[in-house]
Each structure stands twice: as structure tokens, then as C-alpha cells.
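Written below as C-alpha cells is the structure these notes are about.
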Amino acid sequence: MAVDTGTVIRDVSTSLKALLKAHVPELNDDSFISFGSPSDIDSSTMKLSMCLYYLSHSPSMRNSEKEEISGTNQFNYPPAYLDLYYLLTPYAKDRETEQLILGRIFQLFHEHPVLSGTDLRGNLAACGNDNIRISYNNLTIQDIKQLWEVFPGKPAKVSLSYLVSPVRLPADKSITIPRVQVKDLGIHPI
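Quick note on this note's numbering: the sequence shown kicks off at 2 and runs consecutively.
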């Protein structure tokens with residue numbers, strides 16, 4: 002049975018959500034974590050906006066080779082490797098709780114910087130994602146200003162940005178390459 006590779010990005014988000022829910026007591030309910038942008042959040046309720054705000058090809062993994070399908074003349078096209086950028090913004094009734102949540106998230110991803118094993122949800126493991134790094138993405142003041150300008154009607158808030166990478170997205174397409182059966186070196190006496 003073929004694996005649905007189209008769910009990989011959503012599965013990364015779901016994996017992060019499960020990790021946060023399990024380790025940040027203030028976020029222990031499914032309704033507390035939203036994949037929506039900060040502009041989608043009602044700031045009067047307890048929420049964490051876990052917004053995927055940018056994704057790109059992982060530059061260090063761009064030149065992957067075709068992968069042989071064992072025992073056949075079939076090769077899968079190279080997988081794409083993605084870098085996913087998340088903005089995590091807490092909303093609570095008071096700033097103290099928001100700062101507490103930020104501290105717990107920072108500590109969690111510092112102590113647990115890799116999604117692997119049972120952390121991987123959906124089809125991530127089946128798509129070849131064994132270890133996905135979670136790295137703090139240090140934004141400059143200018144980056145933060147530009148990022149918050151895309152959320153209309155929302156004032157900038159203290160947030161955390163994380164790079165989640167490399168995320169392997171296997172190609173669904175394969176190619177048949179016939180094997181060399183006979184070698185003819187074409188050597189002739191002079």
C-alpha cells in the first residue's frame with residue numbers, strides 16, 4: 002500500500018502539537034493549540050498560535066540522488082527536503098501566564114531538540130523522517146517587525162520562532178532504468 006506523502010507537513014505540525022500538549026501543562030487540551038496565524042486568534046481565550054509562516058527547500062539537501070527500489074529496475078525520484086518555520090505566540094488572560102508558556106516551550110525544545118520515534122505522528126516515519134531537528138530561529142527586531150505586519154489588526158507580541166528541519170517529502174514518481182546486461186569495451190588491435 003502506498004504511503005500518502007501529501008500529509009507530511011501537517012504531520013510535522015501534529016507532532017509538534019502533541020509534544021507541546023504532553024509537556025506544557027498550560028496547553029494540555031487540544032483546543033489550546035491552534036495552527037492558525039495570530040490574526041485568527043481570539044485573544045480573550047487561552048491559546049497558542051503555532052503558525053507555519055514559511056517553508057522552503059532545505060539548501061543542504063538539494064542534491065539528493067534517485068533512490069533504488071530494492072531488487073527492481075525502478076528508481077524513485079529524489080525526495081524534497083523542506084525547512085519549516087513556525088511562530089509560536091501564546092495568548093492568555095495575563096502576561097505572566099504568556100511568559101510562563103514561552104519559558105516552558107523554550108525549555109522543552111532545548112531539552113527535546115529532535116522529533117523521532119514515538120514523537121513522529123501520521124506518515125512521517127513511513128516517509129523516511131527518522132530525525133527532524135527543532136532549532137530556535139533567532140529573529141532580528143527587523144524580522145519580527147516585518148513578520149507581524151502581515152497579521153492585520155494584531156499588535157506584535159513576544160513570540161518564539163523555530164526552524165523544523167530537514168523534513169523529507171518523498172517523490173511519488175518513479176522511473177525505470179534498464180540494467181546493463183552486456184559490457185562491450187570495444188577494444189580492437191591496431
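Glycine residues also receive a C-beta, built at the ideal position from the N, C-alpha and C atoms.
Starting from the C-beta of L21, find all residues in its chain whose C-beta is less than 8 Å away, skip the five residues before and the five after it, and write them out in chain order.
Counting from 1 along the sequence shown, the entry for residue 21 is found at position 20. The residues are L28, I34, L49, M51, I106, L109.
Rounded to the nearest angstrom, how far is the Cβ of S32 from that of K155, given a contact under 8 Å?
Counting from 1 along the sequence shown, the entry for residue 32 is found at position 31. Counting from 1 along the sequence shown, the entry for residue 155 is found at position 154. So it is not a contact: roughly 20 Å between Cβ atoms.
What are the boundary residues of the beta strand (DSSP E) that K48 is part of?
The sequence position of residue 48 within the sequence shown is 47, counting from 1. For K48, the enclosing beta strand (DSSP E) covers residues 48-58.
Buried or exposed: which applies to Y87, given that a residue is buried once 16 or more other Cβ atoms fall within 10 Å of its Cβ?
Position 86 of the sequence shown, counted from the first residue, corresponds to residue 87. The residue in question, Y87, is buried, as its Cβ has 16 or more Cβ neighbours within 10 Å.
Can you check which of these residues, T119, A127, T46, Y137, is closest to D95 by C-alpha distance?
Here residue 95 refers to the residue found at position 94 when the sequence shown is read from its first residue. The shortest Cα separation from D95 among T119, A127, T46, Y137 belongs to T46.
Count the C-beta pairs between the stretch 116-134 and the stretch 142-149 that are closer than 8 Å, then say yes if the count reaches three, no if not.
Because the criterion of three Cβ pairs below 8 Å is not met, the stretch 116-134 and the stretch 142-149 do not touch.
Just tell me which of S61, S44, N130 has its CA closest to the CA of S16.
Here residue 16 corresponds to residue number 15 of the sequence shown, with the count starting at 1. Per the Cα distances, N130.
Would M2 be called buried (16 or more neighbouring beta carbons within 10 Å of its own) or exposed?
Sequence index remark: in the sequence shown, residue 2 carries index 1 (1-based). Per-residue confidence for M2 stands at a pLDDT of 43, beneath the threshold of 50, marking its modelled position as unreliable; the derived number appears in the next sentence. Residue burial is scored here from C-beta neighbours: M2 has fewer than 16 other C-beta atoms within 10 angstroms and is therefore classed as exposed.
Using CA atoms only, rank isn't needed, just tell me which of Y137, D173, G7, G187 is closest to F76.
Counting from one through the sequence shown, the residue named residue 76 turns up at place 75. Ranking Y137, D173, G7, G187 by Cα distance to F76 puts D173 first.
When you compare only the Cα positions, how much space is there between V9 and G123?
Taking the first residue of the sequence shown as 1, we reach residue 9 at position 8. Taking the first residue of the sequence shown as 1, we reach residue 123 at position 122. Inter-residue distance for V9 and G123 is about 8 Å (C-alpha atoms, whole angstroms).
According to DSSP, which residues form a beta bridge with N132?
For the purposes of this step, residue 132 is identified with residue 131 of the sequence shown, where counting begins at 1. In the DSSP secondary-structure assignment, N132 is bridged to S117.
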